[in-house]
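> Protein chains in written order, with my numbering: chain B, 1 to 452; chain G, 453 to 727; chain Z, 728 to 1008.
Ideal Cβ positions, reconstructed from N, Cα and C, are used throughout, including at glycine.
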Amino acid sequence: MIHYILKPMSWLSAAALISMVGTVSAQDTTIRWALHPGAEADAVVDYFAPRYEEETGIKVVGEILPPDQLRDRMSIEAIGGTDRWDLGYHSPGWFGTFKDHVIDLTQLVEKHGFDVSAYPALVQNSHMKSPARPGEIIALPTTPAAPMLIYRRDWFEHPDEMAAFEAKFGRALAAPSTFAELRDVAEFFTRDAGETLAGKTLERSLYGWSDALGAGAGITRSFIVMLYSTGVSGWDENYEPDIDQPIVAEVAEYFVDLAQNFAPREAQNWGFLEGLEMFRDGRMATATMWPQGVGTVEDPSGEAAGNTAYTPLPLWENNLAGYTQGHPFLGGGGVFIFDTPNSEEAFKFLKWMLQDNEVEFGKRSLQFSRLSHFQSEELRNLKPYYADFLPTFEKVLESVFIRQGIPEWGAVMWNGTTDFITDVYSGDLTAAQAQERWAAQMREAFDAAGYR
Amino acid sequence: MLVIVGVPLALGFRYSMHRVFLYDFNNQIFKGLDNYAYALSDPLFIKALNTTIIFTLGCVATGILFGLLVAFLLNSRKVRWRPFWVSLFLIPFVMTPVVGGIAWRFFMWQQEFGVINAIGGIFGADARYWLLDRETALFASIVSNSWHLTPLSILVFYAALSTIPDELYDASHIDGAGPFQTLWYVVLPLLRPHVLFVSVILLTSAFREFDMIWALTGGGPGRSTTVLSILAYNRGIANQDMGMANTIAFTMFAIMAVVAWIYITIYRRMLEKST
Amino acid sequence: MISPKARKRIQVFLIHVLLAIWLVISVLPPIMLLAASLNASALFRSPWDLLLLRDFSIENYTTAFVAGDFWFFFANSLIISTASVIIVLVTCVPMAYGLSTISDRARNAISFGILAMRFIPYVVLALPLFLLFVNLGLAGSRVGLLLAHLAIHIPFATWMLVGFFDAVPRELEESGIIDGCNAWNLFWDIAVPVVRSGIVALAILVFIMSWNEYLFALFLAGSNAQPLTVGITRFLGGIESGAQYGVIAAYSVLVILPVIVFSLVANRYIVSGMTAGAVKG
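(1) Can you check which of these residues, G:585, G:520, G:694, G:620, is closest to residue 859 of chain Z by C-alpha distance?
(2) Please state the DSSP three-state secondary structure of residue 423 of chain B.
(3) In chain order, what residues of the same chain have a beta carbon less than 6 Å from the beta carbon of residue 284 of chain B, not counting five sequence neighbours either side?
(4) Please name the residue in B:36, B:56, B:37, B:29 whose C-alpha comes closest to that of residue 353 of chain B.
(5) If we ignore side chains and look at the alpha-carbon of each, how far apart do residue 419 of chain B and residue 96 of chain B end up?
(6) Please classify residue 748 of chain Z: is it buried, with 16 or more other beta-carbons within 10 angstroms of its beta-carbon, or exposed?
(7) Would you mind reading off the limits of the beta strand (DSSP E) that contains residue 308 of chain B?
(8) Hey, quick one: how far does the beta strand (DSSP E) through residue 747 of chain Z stretch, first residue to last?
(9) Apart from the five residues on each side of it in sequence, which residues of its chain come closer than 8 Å, Cβ to Cβ, to residue 271 of chain B?
(10) So who's on the other strand from residue 401 of chain B, going by DSSP bridges?
(11) Based on DSSP bridge pairs, tell me the residues matched to residue 235 of chain B.
(12) Check whether the Cβ atoms of residue 543 of chain G and residue 975 of chain Z sit closer than 8 Å, and answer yes or no.
(13) Could you name the residues of chain Z that residue 679 of chain G contacts, counting a contact when the two beta carbons are closer than 8 Å?
(14) So, under 8 Å CB-CB, residue 153 of chain B and residue 387 of chain B are touching, yes? Tell me the CB distance rounded to an integer number of Å.
(15) Please determine if the stretch 134-146 of chain B and the stretch 294-308 of chain B are in contact, where contact requires at least 3 C-beta pairs separated by less than 8 Å.
(16) Taking only runs of the alpha helix (DSSP H) that begin and end inside the stretch 566-630 of chain G, which ones reach a length of at least 4 residues, in chain order?
(17) When the cut-off is 8 Å and only beta carbons count, does residue 855 of chain Z lie next to chain G?
(18) Just checking: is the beta-carbon of residue 861 of chain Z within a distance shorter than 8 Å of some beta-carbon in chain B?
(19) Mind checking the stretch 754-778 of chain Z against chain B and listing, in chain order, the residues whose C-beta falls within less than 8 Å of any C-beta there?
(20) For residue 670 of chain G, decide whether its Cβ has a neighbour in chain B, counting only Cβ atoms nearer than 8 Å.
(21) Classify residue 168 of chain B as buried or exposed, calling it buried when 16 or more other Cβ atoms lie within 10 Å of its own Cβ.
(22) Taking only heavy atoms of the ligand MG into account, decide whether any of them is closer than 7 Å to the Cβ of residue 679 of chain G.
(23) Of all the alpha helix (DSSP H) runs that stay within the bounds of the stretch 847-875 of chain Z, which reach a length of 4 or more residues?
(24) What does residue 408 of chain G touch in chain B if you count any residue whose Cβ is under 8 Å from its own?
(25) Check each candidate in B:336, B:399, B:379, B:330 and name the one with the smallest Cα separation from residue 126 of chain B.
(26) Give the DSSP-derived three-state secondary structure of residue 323 of chain B in the structure shown.
(27) Using the Cβ count rule (16 or more neighbours within 10 Å means buried), how would you classify residue 925 of chain Z?
(28) When DSSP builds the beta bridges, which residues end up paired with residue 88 of chain B?
(29) Mind checking residue 526 of chain G: buried by the 16 CB within 10 Å criterion, or exposed?
(30) Considering only the alpha carbon of each residue, which of G:494, G:612, G:582, G:545 lies closest to residue 269 of chain B?
(31) Could you check the C-alpha separation between residue 874 of chain Z and residue 456 of chain G for me, to the nearest Å?
(32) In the DSSP output, which residue or residues are listed as bridge partners for residue 60 of chain B?
(33) Out of curiosity, what's the CA-to-CA distance linking residue 720 of chain G and residue 840 of chain Z?
(34) Do you know how far the Cα of residue 450 of chain B is from the Cα of residue 1008 of chain Z?
(35) Please classify residue 812 of chain Z: is it buried, with 16 or more other beta-carbons within 10 angstroms of its beta-carbon, or exposed?
(36) Can you tell me whether DSSP reads residue 150 of chain B as helix, strand or coil?
This is the structure we're talking about:
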């Protein structure tokens, strides 16, 4: 009976092969955009693309890719010269990776009247320029972001908890202002099911702190935020690594202690914002939160809604740069334009969306990137929790690390951090061994690039 | 065929001797054997190699052991519905390994409502985080992958056993041997070539396994299940370091070449003995 | 005292019990997928609740079809798998026949080479193929992915088919020559019909292998060419909190459905294909 199955199948596939050849057809003016999942991608696909087509007849196709595949897919297609996408999105740390494939926007900015000064200076430096393409504008910011600390205000203010904390640590229970204090708070709130919290018996275990700890991007992002808070930059102006200093070993050991003792095991499966659902459900006392996660935390169906307080990341005491609060990198991303025949049309679309519809974009993407977003009354009142959240976010943005956008940043800093913290976390290497390895690789990469 | 296999092999060997980063693809620097020297002195490579060896041997041993047992049971006299058993025993083998990994990860090993902890709970065992615990993740991966590979070994052993004439069993039965003595002293020696064949198939397959582990743990927690193929993937794609990735892959190839040579030597010797 | 006959019967019964235990182990993971996919939300439920379908719903399937872009990935999987089968049959059947008729020494050398292929870890091929395709402009295309599949299938298929052709009785060919058959007749009218079930077995195995393949797809498939195995991993990010357990289970069931059906309908062929290499030694 197999023959009867195979026969139609062979016809099917023959037809499929023919249609495969058929799809290689002529280019039309369709702008294609590779997107990272998130509210801003949904806004592009569901709202801005259809409206732009209505207004101009030009089609915009947004393709949302899995976060862990986005960069590789764009790299593959760009190196292969397939012109698959006209627009790409990425975190500025990796802009240099695309240096050979994206166009200089300076002339288009002038020609079409795009106002660069609408963005805060930090955002301009981070999300528009890159040392890999000096003097040029290679991207437009869409989602600049940096993390903050969130905690359960209702528990922090509960008299039983305040008394117990003071009895144990000899000071008042309050939002942690240093990482050492964060550790105490995390330890204090880590409890098993059956113990009491704020006068109630816990049905399930409670965790003191968490951030994503998944292999690769998750643990890297969580750790690098603390790493930059120690005041290191990765390397100095002579391209000499500074990550081999003792303070880096200290922060690594601190991070591992925090992650292994007070965070849920499940965090090892989280890549980015997934764990905030556990915060939402009342299973965590504090968490590191990227602003894209605020919607989850304040989900009205959850326990944390209305009970969440926001504060900048705590200070790393005796940090090398004299920061007065935690110093995460300025993350999130920007859009760049690949060198395709559609590049000018693509720019016109971006200008229309980001500048002509700036408040609408802020509203729908739930991201604050332009000065006008922070000033817009409409946006500030969009959500009830913005009154607490937004001032903290503005304060976070006062102290952020702007990554050096050289092509090697991803290899030496991001992947270097991945290897380093994975080694220390898993106990495969001591912090000192892992640092040495990291610094050696960094020097090697800079030598190969001719910087040193 | 030579082109489709030979060209990538040659290219891969070339890349393994160069410094090649995807972000700087046009700037390739010749390194000779430096990449290999670096890999062999890199504790992470050594750790991944160890993990790979444990994983591979664990899968081969489990696969052979359970394959023999089940095939022996299946071949026992008076077993009914043989085609029924065989067709269902086949399922783990044909099931897409990625999906197998997903099924094990989310419904078997899962700490709160997975089958393993639920069964363990009946016997009073504590619920464990099987895949999220560095102590147990590799063990759990070996179990899951053995589940996928064992049908092959069952089928081969079963096919071989069914060629053994019944008189042989009768003879050993008359000699007073129990079923396990029969298995050990009568059947196993006859199956030696098949054990060799199956162990090689399982070995090559487990040594390069990627899909199942990737879906189960992604190589974590920490690096506890990072086998060489996952390390090569991480270096090449995540770190964009194609030179080192190819070096790791080629080292795998070299190890397999040695294994192949050993296998062929043993096989030849066995043939010589039997003739 | 138990009579020998009763002992025998207990023994047979125990054997069936052990076989049943192994059966449960074999099918439990896919059964759990099926059970979870048919419950409204698989979250925080004991496996027994899932198996009893306490919260029956088929909503997960509708979500998987729509949100999971199922048909897009399905089409890629089907195209690549069927194209692999066709190309493998067209190239390997004549090649294996040719190999089975040439001298033993030449054949041994070639089949050794083919056997050696089994020892190549796929990742060794995947990395340079990726870079090669980048250079050739095949990166991310279905054609590239198909070529990579063929690199694995062709040696395997040739090796297996040579074994089948070897089993064609010499006398059959000799009588064909006497009847005045030319080389083509000998191949097509005499040898191929004899090995037909072997060819069917091979076709099924190649289809399953292509359908299940993930590593190459991960490296080589661009957004246009991604098969189901890649499609399903889209759901994996962010799943640990559990909201999508039911959907991922439904998607999993859809992915394995064709191969499970194949294995149930045609297991005779699969078994013969899988054991062919082993039994001849």
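On the basis of the coordinates in this document:
(1) If you number the third sequence from 1, residue 859 of chain Z lands on position 132. Closest by alpha carbon: G:694.
(2) By one-based count along the first sequence, residue 423 of chain B stands at place 423. If DSSP states are grouped into helix, strand and coil, residue 423 of chain B belongs with the helices.
(3) Along the first sequence, read from residue 1 onward, the residue named residue 284 of chain B stands at position 284. These residues qualify, in order along the chain: 207, 210, 278.
(4) In the first sequence, counting from the first residue as 1, residue 353 of chain B sits at position 353. Minimum Cα distance to residue 353 of chain B is reached at B:56.
(5) Along the first sequence, read from residue 1 onward, the residue named residue 419 of chain B stands at position 419. Along the first sequence, read from residue 1 onward, the residue named residue 96 of chain B stands at position 96. Their backbone Cα atoms lie some 21 Å apart in a straight line.
(6) Reading the third sequence from its first residue, position 21 is the one you call residue 748 of chain Z. Exposed, by the Cβ-count rule.
(7) Locating residue 308 of chain B in the first sequence gives position 308, counting from the first residue. Start and end: 308-311.
(8) Within the third sequence, the letter at position 20 stands for residue 747 of chain Z. Careful: residue 747 of chain Z lies outside any beta strand (DSSP E), inside the alpha helix (DSSP H) at 731-764.
(9) As a working mapping, residue 271 of chain B is identified with position 271 in the first sequence. Excluding sequence neighbours, residue 271 of chain B sits near 67, 68, 212, 214, 216, 217, 218.
(10) For the purposes of this step, residue 401 of chain B is taken as the residue at position 401 of the first sequence. Note: residue 401 of chain B sits in a beta bridge opposite B:329.
(11) Here residue 235 of chain B is taken as the residue at index 235 of the first sequence, counted from 1. DSSP output for residue 235 of chain B lists B:241 as bridge partner(s).
(12) If you number the second sequence from 1, residue 543 of chain G lands on position 91. If you number the third sequence from 1, residue 975 of chain Z lands on position 248. Not closer than 8 Å, so no.
(13) Numbered from 1 along the second sequence, position 227 holds the residue referred to as residue 679 of chain G. By Cβ distance, chain Z contributes nothing, its closest Cβ being about 10 Å from residue 679 of chain G, past 8 Å.
(14) Taking the first sequence and counting its residues from 1, the one referred to as residue 153 of chain B is at position 153. Taking the first sequence and counting its residues from 1, the one referred to as residue 387 of chain B is at position 387. Not quite, the Cβ-Cβ distance comes to about 14 Å (not below 8 Å), so this is no contact.
(15) no
(16) 567-574, 589-613, 618-626
(17) In the third sequence, the residue the question calls residue 855 of chain Z occupies position 128. It does: the Cβ of residue 855 of chain Z has a partner Cβ on chain G nearer than 8 Å.
(18) Numbered from 1 along the third sequence, position 134 holds the residue referred to as residue 861 of chain Z. Answer yes: the Cβ-Cβ gap between residue 861 of chain Z and chain B drops below 8 Å somewhere.
(19) none
(20) By 1-based counting over the second sequence, the position of residue 670 of chain G is 218. Taking Cβ atoms only, chain B reaches closer than 8 Å to residue 670 of chain G, which makes this a yes.
(21) Position 168 of the first sequence, counted from the first residue, corresponds to residue 168 of chain B. Result: exposed.
(22) Although the ligand MG was asked about, the structure shown includes no ligands whatsoever.
(23) Here the runs fully enclosed are 849-863.
(24) Residue 408 of chain G lies beyond the residue range present for chain G, which begins at 453 and ends at 727; the question has no answer from this structure.
(25) Residue mapping note: residue 126 of chain B aligns to position 126 of the first sequence, counting from 1. Here the closest residue by C-alpha is B:330.
(26) In the first sequence, residue 323 of chain B corresponds to position 323, counting from 1. It is coil, neither helix nor strand.
(27) Position 198 of the third sequence holds residue 925 of chain Z. Residue 925 of chain Z is buried by the Cβ-count criterion.
(28) The residue given as residue 88 of chain B occupies position 88 in the first sequence. DSSP, once it has assigned bridges, lists B:34, B:336 as partnering residue 88 of chain B.
(29) Translated into the one-based positions of the second sequence, residue 526 of chain G becomes position 74. Its Cβ being crowded by 16 or more others within 10 Å, residue 526 of chain G is buried.
(30) Translated into positions along the first sequence, residue 269 of chain B becomes position 269. Per the Cα distances, G:582.
(31) Residue numbering aside, residue 874 of chain Z sits at position 147 when the third sequence is read from its first letter. Residue numbering aside, residue 456 of chain G sits at position 4 when the second sequence is read from its first letter. Taking the straight line from one Cα to the other gives about 7 Å.
(32) On the first sequence, position 60 is the one that residue 60 of chain B refers to. Answer is B:31, bridged to residue 60 of chain B.
(33) Working through the second sequence from its first residue, we reach residue 720 of chain G at position 268. Working through the third sequence from its first residue, we reach residue 840 of chain Z at position 113. Straight-line Cα distance between these residues: approximately 16 Å.
(34) Residue 1008 of chain Z sits at position 281 when you count from the first residue of the third sequence. Residue 450 of chain B sits at position 450 when you count from the first residue of the first sequence. The predicted model places residue 1008 of chain Z with a pLDDT of 34, which falls under 50 and marks its position as unreliable, so this point remains unresolved.
(35) Reading the third sequence from its first residue, position 85 is the one you call residue 812 of chain Z. By the 10 Å Cβ count, residue 812 of chain Z comes out buried.
(36) The residue labelled residue 150 of chain B in the question sits at position 150 within the first sequence. The answer is strand: DSSP assigns residue 150 of chain B an E or B state.
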